[in-house]
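Number of protein chains: 2
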Amino acid sequence: MSADEFKPDDSDGDAETMRERVLRVADDLLADEGPDALSLRRIADLADTSTQAVYTRFGGKPGLADALFRSGYRRLADEIAAMPDLHDPIEQLRALALAYRRVALANPHHYKLMTGRPIADYDPPRESLAFAASTMEPLVDAVRAACADGRLEGDVRTVATRLWAAGHGRVSLELHGLVEVDDAEANEYFDRLVDAHRPR
Amino acid sequence: MSADEFKPDDSDGDAETMRERVLRVADDLLADEGPDALSLRRIADLADTSTQAVYTRFGGKPGLADALFRSGYRRLADEIAAMPDLHDPIEQLRALALAYRRVALANPHHYKLMTGRPIADYDPPRESLAFAASTMEPLVDAVRAACADGRLEGDVRTVATRLWAAGHGRVSLELHGLVEVDDAEANEYFDRLVDAHRPR
DNA sequence: CGACGACCATAACAGCGTTATGAGAACGGT
DNA sequence: ACCGTTCTCATAACGCTGTTATGGTCGTCG
Numbered sequence: 004m005s006a007d008e009f010k011p012d013d014s015d016g017d018a019e020t021m022r023e024r025v026l027r028v029a030d031d032l033l034a035d036e037g038p039d040a041l042s043l044r045r046i047a048d049l050a051d052t053s054t055q056a057v058y059t060r061f062g063g064k065p066g067l068a069d070a071l072f073r074s075g076y077r078r079l080a081d082e083i084a085a086m087p088d089l090h091d092p093i094e095q096l097r098a099l100a101l102a103y104r105r106v107a108l109a110n111p112h113h114y115k116l117m118t119g120r121p122i123a124d125y126d127p128p129r130e131s132l133a134f135a136a137s138t139m140e141p142l143v144d145a146v147r148a149a150c151a152d153g154r155l156e157g158d159v160r161t162v163a164t165r166l167w168a169a170g171h172g173r174v175s176l177e178l179h180g181l182v183e184v185d186d187a188e189a190n191e192y193f194d195r196l197v198d199a200h201r202p203r
Numbered sequence: 004m005s006a007d008e009f010k011p012d013d014s015d016g017d018a019e020t021m022r023e024r025v026l027r028v029a030d031d032l033l034a035d036e037g038p039d040a041l042s043l044r045r046i047a048d049l050a051d052t053s054t055q056a057v058y059t060r061f062g063g064k065p066g067l068a069d070a071l072f073r074s075g076y077r078r079l080a081d082e083i084a085a086m087p088d089l090h091d092p093i094e095q096l097r098a099l100a101l102a103y104r105r106v107a108l109a110n111p112h113h114y115k116l117m118t119g120r121p122i123a124d125y126d127p128p129r130e131s132l133a134f135a136a137s138t139m140e141p142l143v144d145a146v147r148a149a150c151a152d153g154r155l156e157g158d159v160r161t162v163a164t165r166l167w168a169a170g171h172g173r174v175s176l177e178l179h180g181l182v183e184v185d186d187a188e189a190n191e192y193f194d195r196l197v198d199a200h201r202p203r
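So the protein lines, in turn, are chains A and B.
If you count by my numbering, then the first sequence holds residues 4 to 203, one letter each, in order.
If you count by my numbering, then the second sequence holds residues 4 to 203, one letter each, in order.
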């Protein structure tokens, strides 16, 4: 049983800890088959361990779901951080919106976990919600820059929140099949949103 | 299959059919405790029947979920239909947005079922999605009237869809705790959205 | 070296959605 | 009016779920 691959005593090196392995397996399973496919027994089997390990590392299924929730927002934050600086605040806003939508459509199951409640008995705790909201900081920065240039007007955080909400709404309806997925219209839509906050 | 059943001949005119009873119990349970509390066994007990009845009437849990999905959109459609006609298209649009948000915040669990996927193995079928989209027709009508008056410009359905998406986004983030619930800001937000489609 | 505590595999428990089985009522054709 | 068919639903079982209890192995530290 359990060919002792590694012991946690000395330096971790590049070996994967059990926690990392479980998280990676769950993350892949979520991406491939969606939230309904996430069963502790299946995850434990795929990670070559038992369900009990999930409990010692994550405290249970909601704890594992929270790790996936954060992992989803971390990916979003990483993709945003990897974007080139366009130096034009309005262009930057457009790029952020496109990136947001692109990440969401590319990882629909993660997006549902990040903005919906697809896993029973899991509701993101305060800290996770705060972390999620913090991934919108680049958007706030771009709005601030645009306001400083006189290209937008209004309270910075309020405007940023409006853009976030509107962008999320479009993506959410697309993902749920309530409106058609349409890149061109999505772009038009967002441009109009930005226009709505231009000084006139 | 399933012509409407008749009870014995006596005058029980307002008697509830088993299907109605199950649906009402499930609807109350959803409103009171949320989607996670919906278990067929519990519903069957509360409706004084067995789980099997749910299968003959709804085909299973996803079928019951679909009935609740439609019931949620029907309530929304009814509330909208009960609104007085304001005769001013823009005012009508504002009133529709407020009604949409009010219904959503008053029935958060239903709203999650209507726009999210909180019940395992249930994805709304085409017809249910079409029914859901049809509840937005009064919004389309108001946009059409506003365009006819020259108060808005653009393709009618496109503009209506944009307003729907943006409104949904705000409500969704509020319900999920990602932005603060704020009536005044919600109104401001929607007014800006409408402004964005005014001719300039 | 021995006691302690962390970790995890095994197994059990209660609950879930679903399905099989069978009994009883309702229906339709003759 | 009769009888066979069909529909409906209660009971019980099946396999799955998340969770918890138990016990054993191992590293840590007094």
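Where is the CB? At the ideal position from N, CA and C, for every residue including glycine.
Fair warning: this is a prediction, and the values are worked out from it, not measured in the lab.
One question on the structure: do residue i and residue j come within less than 8 Å of each other, judged by their Cβ atoms?
| i | j | result |
| --- | --- | --- |
| residue 61 of chain B | residue 127 of chain B | no |
| residue 121 of chain B | residue 38 of chain B | yes |
| residue 172 of chain B | residue 169 of chain A | yes |
| residue 30 of chain B | residue 74 of chain B | yes |
| residue 162 of chain B | residue 200 of chain B | yes |
| residue 174 of chain A | residue 104 of chain A | yes |
May I ask which residues mark the beginning and end of the alpha helix (DSSP H) holding residue i?
| i | result |
| --- | --- |
| residue 66 of chain B | 64 to 84 |
| residue 119 of chain B | Note, residue 119 of chain B: premise wrong, no alpha helix (DSSP H); not H, not E. |
| residue 56 of chain A | 54 to 61 |
| residue 171 of chain B | 159 to 178 |
| residue 144 of chain A | 140 to 151 |
| residue 137 of chain A | 129 to 137 |
| residue 92 of chain A | 92 to 109 |
| residue 45 of chain A | 43 to 49 |
| residue 22 of chain A | 21 to 36 |
| residue 191 of chain A | 186 to 198 |
Who are the Cβ neighbours of residue i in its own chain at under 7 Å, not counting the five residues just before and after it?
| i | result |
| --- | --- |
| residue 149 of chain A | 92, 93, 96, 155 |
| residue 193 of chain B | 97, 100, 170 |
| residue 196 of chain B | 166, 169 |
| residue 28 of chain A | 46, 49, 50 |
| residue 176 of chain A | 182 |
Note down, in chain order, each residue of its chain lying with its Cβ closer than 6 Å to the Cβ of residue i, except the 5 sequence neighbours on either side.
| i | result |
| --- | --- |
| residue 16 of chain B | For residue 16 of chain B, the predicted model reports a pLDDT of 47, less than 50, meaning its position is unreliable and no value from the coordinates is stated. |
| residue 125 of chain A | 65, 68 |
| residue 53 of chain B | 47 |
Which same chain residues end up closer than 8 Å to residue i when comparing Cβ atoms and leaving out the 5 residues on each side of it in sequence?
| i | result |
| --- | --- |
| residue 22 of chain A | 60, 61 |
| residue 190 of chain B | 97, 101 |
| residue 33 of chain B | 40, 41, 71, 112, 113, 116 |
| residue 63 of chain A | 57 |
If I'm right that residue i touches residue j with Cβ under 8 Å, what's the distance once you round it to whole angstroms?
| i | j | result |
| --- | --- | --- |
| residue 118 of chain A | residue 179 of chain B | 6 Å |
| residue 47 of chain B | residue 40 of chain B | In fact, because the Cβ distance is near 14 Å, the residues do not count as touching under 8 Å. |
| residue 70 of chain B | residue 26 of chain B | 6 Å |
| residue 106 of chain B | residue 79 of chain B | 5 Å |
| residue 3 of chain A | residue 76 of chain A | Any answer about residue 3 of chain A is impossible in this case: the structure gives chain A only from 4 up to 203. |
(request) Check each residue of the region 89 to 114 of chain A: if its Cβ is closer than 9 Å to any Cβ of chain B, include it; give the result in chain order. (result) none
(request) Can you give me, in chain order, the residues of the region 138 to 163 of chain A that have a beta carbon less than 8 Å from any beta carbon in chain B? (result) 161
(request) Check each residue of the region 125 to 136 of chain B: if its Cβ is closer than 9 Å to any Cβ of chain A, include it; give the result in chain order. (result) 126, 127, 129, 132, 135, 136
(request) Note down, in chain order, all residues in the region 49 to 63 of chain A with a beta-carbon under 7 Å from any beta-carbon belonging to chain B. (result) none
(message) Please list, in chain order, the residues of the region 30 to 41 of chain A that have any C-beta partner in chain B closer than 7 Å.
(response) 39
(request) Closer than 8 Å, Cβ to Cβ, to anything on chain B: give me those residues from the region 178 to 190 of chain A, in chain order. (result) 179, 180, 181, 182, 188
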